[in-house]
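For what it's worth, full-length UniProt numbering labels the leading residue of the sequence shown as 16, then goes sequentially.
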Amino acid sequence: APADQLSDSDRSGSCSSQKMADNWILTVTARTPTNIAVIKYWGKRDEKLILPVNDSISVTLDPDHLCTTTTVAVSPSFDKDRIWLNGEEISLSSGRFQSCLREIRARAGDVEDETKGIKISKKDWEKLHVHIASYNNFPTAAGLASSAAGLACLVYSLAKLMNVNEDNSRLSSIARQGSGSACRSLYGGFVKWIMGKEEKGGDSIAVQIADEKHWDDLVIIIAVVSSRQKETSSTSGMRDTVETSLLLQHRAKEVVPRRIIKMEEAIKNRDFESFAQLTCADSNQFHAVCLDTYPPIFYMNDTSHRIISIVEKWNRSKGIPQVAYTFDAGPNAVLIARNREVAADLLQRLLFYFPPNSDTNLNSYLLGDKSILKDIG
Ligand code: ADP
Ligand code: DP6
Ligand code: CO
16 APADQLSDSD RSGSCSSQKM ADNWILTVTA RTPTNIAVIK YWGKRDEKLI
66 LPVNDSISVT LDPDHLCTTT TVAVSPSFDK DRIWLNGEEI SLSSGRFQSC
116 LREIRARAGD VEDETKGIKI SKKDWEKLHV HIASYNNFPT AAGLASSAAG
166 LACLVYSLAK LMNVNEDNSR LSSIARQGSG SACRSLYGGF VKWIMGKEEK
216 GGDSIAVQIA DEKHWDDLVI IIAVVSSRQK ETSSTSGMRD TVETSLLLQH
266 RAKEVVPRRI IKMEEAIKNR DFESFAQLTC ADSNQFHAVC LDTYPPIFYM
316 NDTSHRIISI VEKWNRSKGI PQVAYTFDAG PNAVLIARNR EVAADLLQRL
366 LFYFPPNSDT NLNSYLLGDK SILKDIG
């Protein structure tokens, strides 16, 4: 069970330990929400350090809904580092996991638990091994940014375990080396990942643009079209895009820099019209860039396209946007309603167009704010 509730104001981890004969184990559990980009990151200028070709902006979801819970443990009885994801052991050998472990270990501090008689000094961490158990409470590798929540949580919980004394912006730079989108999950609210200029990536960090209270009218509804694992991972998809898409060059250099400025303004002014226009346009351009890739990548499917049409038609009929849509590297729709009334209306419309148990029924709806369920009964 998660020992630690990571609220946005209190992201502290909790430590527990128990003495086991002449052995001991020390654990930390942390919980981290996922984030969904409204101006997308797609393409790296440095594969190893995970440095992007453009800035990106995201909204961090409510940690009660889509999140990762990770427990990290250290014990002298562990003979190697190991990781279990959703109950199954996976390989830790990838460069990304190794980068995160190495960067955190390099910053480890002294840890002392007097009541349990445990004393770990800085240099002990080089020899001690960790076991990691991580669970996502939403589909993994299905385009709902599991790598963002997963790697942010890993870095955060390891940093707590090893008493790393670094602020969230430095931790974001480490999480970035696990999965680019993960750097944005270290903060709540609206977050910008600054691409940075430095060769080593020290300035490629996430910063908070506005906190979670700033625009709390917004309600996020996720329509799970498919929870199947995608065929093309984000990592390999964007690698192909960088190698083959001319449209990406134009997007990264000409389009995104302007959108970033406008999006920051829209968020600061709570200007839903501009926010929705930018969010939808950026999602559509990201998927256009995927199509411009060779071999072409199709993340959206017919149901995704139908959802776009429904929202577009509704927005046009109202004259001003009611709902913004955005799709990550998968077919699932992230819908952002301007307020709770609109969200209730949206949910009713989705249930009308995709009735349960029909051919095109949606898997489920995941809500950014569960209180809306009460509103619509
Ligand atoms: P998504 O759209 O879900 O982010 P990606 O292709 O970007 O999909 O990344 C999926 C990969 O991220 C998984 O195959 C796994 O390697 C890693 N991942 C996801 N969740 C976790 C987690 N909780 N802990 C560690 N790694 C994770
Ligand atoms: C479409 O962060 O999953 O979700 O850095 O290779 O791990 P890696 O890729 P990842 O890519 C996310 C792409 C996206 C858009 C976004 O989150 O900005
Ligand atoms: Co991902």
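Note that CB positions come from ideal geometry on N, CA and C, so glycine has one too.
Query                                                                                                                                                             : Result
A190 and A160 look like a contact to me (Cβ under 8 Å); what is the Cβ gap, rounded to whole Å?                                                                   : 13 Å between Cβ atoms; not a contact.
Could you check the C-alpha separation between I275 and V338 for me, to the nearest Å?                                                                            : 20 Å
Could you check what DSSP says for S219 in three-state terms: helix, strand or coil?                                                                              : coil
Taking Cβ to Cβ, would you say Q192 is nearer than 8 Å to E118?                                                                                                   : yes
For H146, I'd like the list of residues in its chain whose CB is within less than 7 Å of its CB, leaving aside the five on either flank, ordered along the chain. : A88, F93 and R97
Taking P67 as the reference, which of M278, V326, S249 and D317 has the closest Cα?                                                                               : S249
Mind listing which residues have their beta carbon within less than 7 Å of any non-hydrogen atom of ligand 3? Chain order is fine.                                : A160, S161, S162, A163, S194, S196, S249 and A344
Consider the C-beta atom of A296 and the heavy atoms of ligand 1; say whether any pair is separated by less than 7 Å.                                             : no
If I'm right that P336 touches Q264 with Cβ under 8 Å, what's the distance once you round it to whole angstroms?                                                  : That belief does not hold up - the Cβ atoms of P336 and Q264 are roughly 29 Å apart, past 8 Å.
Quick one: measure Cβ to Cβ for I323 and R364, integer angstroms, because I've assumed they're closer than 8 Å.                                                   : Contact flag wrong, Cβ pair sits at about 13 Å.
Where D79 and N151 are concerned, what is the direct C-alpha to C-alpha distance, given to the nearest angstrom?                                                  : 12 Å
Look at the alpha carbon of W208 and the alpha carbon of G165, and state the distance between them as a whole number of angstroms.                                : 17 Å
Name the DSSP beta bridge partners of I209, please?                                                                                                               : In DSSP, I209 forms no bridge with anything.
Could you pull out every unbroken alpha helix (DSSP H) segment of at least 4 residues lying fully inside the segment 298-368, listed in chain order?              : 317-333 and 355-368
Can you tell me where the beta strand (DSSP E) holding residue 12 begins and where it ends?                                                                       : Because the chain in this structure spans residues 16 to 392, residue 12 falls outside the shown range and cannot be described.
Who pairs with P48 in a beta bridge, going by DSSP?                                                                                                               : C82
May I have the straight-line CA-CA distance separating V257 from T341, to the nearest angstrom?                                                                   : 21 Å
DSSP three-state call for N284: helix, strand or coil?                                                                                                            : coil
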